[in-house]
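When we follow our numbering, the leftmost residue of the sequence shown carries the number 13, and every step to the right adds one.
No residue lacks a Cβ here, since even glycine has one placed at the ideal position from N, Cα and C.
In this text, all values refer to a predicted model and were calculated from it rather than measured experimentally.
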Amino acid sequence: MKAIVTISITLLFSCFCQGQKIEKKTIYVMFEKRQKDRVSKFFNKEEKGYVFNLPNKGESFLYEVKQRPDTLPISQLKNYSISNTLQIAEFENKYKEWLIKKYNRIPYSYDKNSYFKTYIIEIIDNSEFVIYPVTWRNQGVID
């Protein structure tokens, strides 16, 4: 009887350990529109949302219109930790290490949306800013 209980506990433990999930990392990216970057934010009819292109970073994000942005007073901006490209790369490397540890490889379907919960912060004037929930575009495209 003791052996059956031990085997049952071992099987349950191994099942729960295999189901480990890594939590999505929440990141906030600052969007700064410059005068010369006229197409850095535009509405895309096919994707039914606004596209944010970050200048000099080669990154592109989609804000779907069906989601709700938050408009907050500028005094609340200090409560958000803005991630830069180096921090994002560091978070991404940790996630890749976790994938390799779990699967012994990085799955072909890897994309940043599976790990990051991403928000774009856009300052609209001296008193307010907007937080848009976004997804990374062009993920799964082979480099």
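Length of the line joining the Cα atoms of residue i and residue j
{"i": "Tyr62", "j": "Asn56", "result": "6 Å"}
{"i": "Glu134", "j": "Glu104", "result": "23 Å"}
{"i": "Arg80", "j": "Leu98", "result": "28 Å"}
{"i": "Thr147", "j": "Asp123", "result": "10 Å"}
{"i": "Ser126", "j": "Lys113", "result": "17 Å"}
{"i": "Gln88", "j": "Tyr75", "result": "22 Å"}
{"i": "Arg117", "j": "Leu111", "result": "7 Å"}
{"i": "Leu66", "j": "Lys36", "result": "22 Å"}
{"i": "Lys106", "j": "Asn96", "result": "16 Å"}
Chain-order list of residues whose beta-carbon lies under 7 Å from that of residue i (same chain, five-residue window excluded)
{"i": "Pro85", "result": "Ser139, Glu140"}
{"i": "Asn8", "result": "Summary: the structure shown does not reach residue 8, with the chain confined to residues 13 through 155, and so no result is reported for it."}
{"i": "Ile136", "result": "Val142"}
{"i": "Thr38", "result": "Lys129"}
{"i": "Glu59", "result": "Leu74"}
{"i": "Val77", "result": "Lys60, Gly61"}
Span of the beta strand (DSSP E) around residue i
{"i": "Glu58", "result": "No beta strand (DSSP E) holds Glu58; DSSP gives it neither H nor E."}
{"i": "Ser72", "result": "71–76"}
{"i": "Pro85", "result": "82–85"}
{"i": "Lys45", "result": "Element bounds for Lys45: n/a, residue is neither H nor E."}
{"i": "Ile131", "result": "Here residue 131 is Tyr; the residue named in the question, Ile, does not match the sequence. Segment 128–135, the beta strand (DSSP E) holding Tyr131."}
{"i": "Glu140", "result": "140–148"}
Residues near residue i in its chain [Cβ-Cβ closer than 8 Å; skip 5 each side]
{"i": "Ile94", "result": "Tyr40, Val41, Met42, Ile133"}
{"i": "Tyr115", "result": "none"}
{"i": "Phe54", "result": "Tyr62, Val63"}
Alpha helix (DSSP H) segment containing residue i, residue limits
{"i": "Ile100", "result": "97–115"}
Proximal residues to residue i (C-beta, below 6 Å), its chain only, five neighbours per side dropped
{"i": "Thr83", "result": "Glu140, Val142"}
Closer than 7 Å to chain C by CB, residue i
{"i": "Glu109", "result": "Of the chains in the structure shown, none is chain C; there is only one protein chain."}
Residue i burial status per 10 Å Cβ neighbour count (16 or more: buried)
{"i": "Tyr144", "result": "buried"}
{"i": "Tyr131", "result": "buried"}
{"i": "Phe64", "result": "buried"}
Residue i, DSSP secondary structure in three states
{"i": "Lys124", "result": "helix"}
{"i": "Lys37", "result": "strand"}
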